[in-house]
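The structure appears right after this line, and notes come after that.
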Amino acid sequence: MWGGGFGMFGGLMMLLFWGAIIALIVFAVRGFSAGSRPGGKSNAEDILRERYARGEIDEEEYERRKAKLDS
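Note that UniProt numbering gives residue 28 to position 28 of the sequence shown, counting from 1, and the numbers run on in steps of one.
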């Protein structure tokens with residue numbers, strides 16, 4: 001009876017509002033999950049140490065790869 005609402009403009013604003021809320025949630029989840037992962041270089045060094053400890057690579061190979069990671 002009152003002719004309330006904003007018609008198409010109200011629907012568009014509702015979509016923008018919910019889109020912004022969903023985008024904020026996605027960015028928050030990505031930010032928290034990226035913060036818990038170690039950096040790429042330290043992760044590579046950890047893997048290199050593990051491979052050396054398991055005997056998959058010898059000392060010469062370990063030193064060569066470590067020097068390449070450090071540069």
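Yeah, the Cβ is synthetic: ideal placement off N, Cα and C, and Gly gets one too. From a predicted model like this one, the values you see are computed outputs, not experimental measurements.
For E56, the three-state DSSP class (helix, strand or coil):
It is coil, neither helix nor strand.
Could you check whether R49 and I57 sit closer than 8 Å to each other, using their CB atoms as the reference points?
It is not a contact, given that the beta carbons lie outside the stated cut-off.
Could you tell me whether the Cβ atoms of L12 and E45 are closer together than 8 Å?
The answer is no: Cβ separation not under 8 Å.
At the level of alpha carbons, what is the spacing between I22 and I47?
So the two alpha carbons sit approximately 36 Å from each other.
Report the rounded CA-to-CA distance for R30 versus G19, giving the unit in angstroms.
Computed Cα separation, rounded: 17 Å.
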